[in-house]
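This report concerns only the one structure given below.
Numbering (my numbering), first residue to last: 17 to 297.
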């Protein structure tokens, strides 16, 4: 039986994202929390930006994110290729996607959030776009840094980044929004999974709570007809676990800026922005 209702499917098509409640059980969530906390505190891993610094003032240095865990951890590979996720992604795009990345964000109390951005600006999938399956391992709201989405922006072209406020964001770039665009907080329960399109503008709030984590387990995918991707994400995987290489996307990505055209705001594709090969949420 499909995990996706017709209403959820329609919400994704109209808004670019949808929360599928309780895709993962309490027992699975408890396992993931314990598994990744033990891994994080035990060692430094091949794709870490830095190891754990337990004496740092910045909470994100005490609990840095983990990236590409599926390349060395079986539980992460199992999540990336999870049949429940695959079934939902196929319902959205009509074909099997390619699996490309796993991430674990710990986001302890006091941690900064992430400024608004579009995932496909970094993955640079051509043709098509990327998709994310973002599973909450804790209940999340504005206080502990839940996700936020600009509904409908999945249909926008890629925007050129501008400088972000690094006092509230651990990344230093963001994207500008047109006047009137609404940013919606996404409240979730542990075990819920948020699916979203790679062009949708999204980010997350800082964790301003006193003692709450906002842990999340994330997988990124690309549409099965994709031919190119940023080199950091190769090799990609078919959903049966078979690996293959896509062509590397060029290092410069065409992006646009908001302009007024006949009284309406539209994105004018007038810039070429060099993208650093780096990991990304």
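Beta carbons are placed, not taken as given, at the ideal position from N, Cα and C, and that holds for glycine.
DSSP places residue 24 in no beta strand (DSSP E) but in the uninterrupted alpha helix (DSSP H) bounded by 22-31. Within the segment 60-129, complete beta strand (DSSP E) segments of at least 3 residues are found at 114-121, given in chain order.
Contact fails between the segment 164-182 and the segment 60-76, because fewer than three Cβ pairs, one in each stretch, are under 8 Å apart. Only exposed fits residue 65, as fewer than 16 other CB atoms lie within 10 angstroms of its CB. If the five residues before and after residue 85 are omitted, its C-beta is found closer than 6 Å to the C-beta atoms of 92 and 118, all from its own chain and listed in chain order. Within the segment 182-236, complete beta strand (DSSP E) segments of at least 3 residues are found at 200-202, 209-213 and 218-220, given in chain order. Of all alpha-carbon atoms in 36, 136 and 255, the one lying nearest the alpha-carbon of residue 211 is that of 36. With respect to the 8 Å criterion, residue 172 and residue 215 are classified as neighbours on the basis of their beta carbons. Membership of residue 139 in the alpha helix (DSSP H) is indicated by the continuous run 136-139.
By the criterion of a C-beta distance shorter than 7 Å, residue 262 is surrounded in its chain by 242, 243, 244, 245, 250 and 252, once the five residues flanking it on both sides are discounted. At the C-beta level, residue 132 and residue 190 come within 8 Å of one another.
Excluding its 5 nearest sequence neighbours in each direction, residue 285 has C-beta neighbours in its own chain below 8 Å: 173, 270, 271 and 272, listed in chain order. Residue burial annotation: residue 279 is exposed, with fewer than 16 other C-beta atoms found within 10 angstroms of its C-beta.
The segment 189-206 makes contact with the segment 132-149; the number of CB pairs closer than 8 Å reaches 3 or more.
In the structure shown, the three-state DSSP call for residue 163 is strand. The secondary-structure analysis by DSSP pairs residue 289 across a beta bridge with 269. In chain order, 32, 213, 215 and 216 place their CB closer than 6 Å to the CB of residue 170, counting only its own chain and leaving out the 5 sequence neighbours on each side. A straight-line Cα-Cα distance of about 30 Å links residue 109 and residue 52. Nearest C-alpha to residue 248 among 255, 267 and 232: 267. By the CB criterion at 8 Å, residue 160 and residue 232 fall outside the cutoff.
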